[in-house]
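This report concerns only the one structure given below.
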Amino acid sequence: MTAASRFHLAFPVHDLGAARRFYGGVLGCEEGRSNEHWVDFDFDGHQIVAHLAPEECDSRAENAVDGHAVPVRHFGLLLEWEKWETLRDRLKAAGSDFIIEPYVRFEGRAGEQATMFVRDPSGNALEFKAFRDESMIFAKDLTSQGEPA
């Protein structure tokens with residue numbers, strides 16, 4: 001296989017129209033197949049599927065990361081730094097519901113990354129991040145930079 005593997009993620013929404021406006025309009029995801037119960041989106045080359053399931057939309061568990069309450073259930077993308085900045089500006093202009101406002105985490109240390117968390121109209125949490133040094137994405141030992149191992 002020559003193409004990179006892509007992920008597929010299905011998630012619940014309470015309103016397909018609102019999902020189309022957020023994923024298609026705000027995030028710029030192209031729409032794929034759909035019917036009255038679900039819609040496919042191209043999420044930067046990955047397939048995500050919004051399924052109409054309002055009863056499944058209320059999960060709010062959180063864990064602390066770098067002094068912020070991070071939603072346990074979330075998905076997102078690792079972007080190039082400039083692409084992250086462009087998306088940050090687009091989300092702000094759209095009046096998006098930020099869970100964690102855009103900021104740089106672990107600044108000046110190993111694993112430095114820009115991150116932001118938003119909720120879609122159904123309450124699903126999305127994280128968008130960018131690393132200054134992409135070799136740190138899967139780094140395990142950050143103790144030399146003052147990070148916990």
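If you read the sequence shown in my numbering, its first letter stands for residue 1, the second for the next number, and so on. Beta carbons are placed, not taken as given, at the ideal position from N, Cα and C, and that holds for glycine.
Tell me the rounded alpha-carbon separation between residue i and residue j.
i: Ser135; j: Glu36; result: 42 Å
i: Leu87; j: His68; result: 21 Å
i: Gly28; j: Asp44; result: 9 Å
i: Lys140; j: Pro12; result: 33 Å
i: Ser59; j: Glu107; result: 30 Å
i: Gly95; j: Arg73; result: 22 Å
Considering Cα atoms alone, identify which of the options is closest to residue i.
i: Asp42; options: Val70, Arg109 and His8; result: His8
i: Ala61; options: Asn124, Asp133 and Lys140; result: Asn124
i: Asp199; options: Asp89, Val39, Tyr103 and Pro54; result: What is shown of the chain runs 1 to 149, which leaves residue 199 out entirely.
i: Leu79; options: Asp40, Asp133 and Arg21; result: Asp133
I believe residue i touches residue j by the beta-carbon criterion, under 8 Å. Please report the beta-carbon distance rounded to the nearest angstrom.
i: Ile137; j: Phe128; result: At roughly 14 Å, the Cβ-Cβ gap does not stay under 8 Å, so Ile137 and Phe128 are not in contact.
i: Ser5; j: Cys57; result: Their Cβ separation, rounded to whole angstroms, is 28 Å, which puts Ser5 and Cys57 out of contact at 8 Å.
Using 8 Å as the threshold, is the C-beta distance between residue i and residue j below it?
i: Glu31; j: Gly25; result: no
i: Asp50; j: Trp81; result: As written in the sequence, residue 50 is Ala, which differs from the Asp given in the question. Cβ atoms of Ala50 and Trp81: not closer than 8 Å.
i: Asp120; j: Ala19; result: yes
Once you ignore the five residues that flank residue i on each side, which residues in its own chain have a CB closer than 6 Å to its CB?
i: Phe98; result: Val118
i: Ile48; result: Leu9 and Phe41
For residue i, which residues in the same chain have their Cβ closer than 7 Å to its Cβ, ignoring the five residues on either side in sequence?
i: His14; result: Pro54, Cys57 and Ser122
i: Arg105; result: Asp66, Gln113 and Thr115
Give every residue of the same chain whose Cβ lies closer than 8 Å to the Cβ of residue i, excluding the five residues on either side of it in the sequence, and list them in chain order.
i: Glu101; result: Met116
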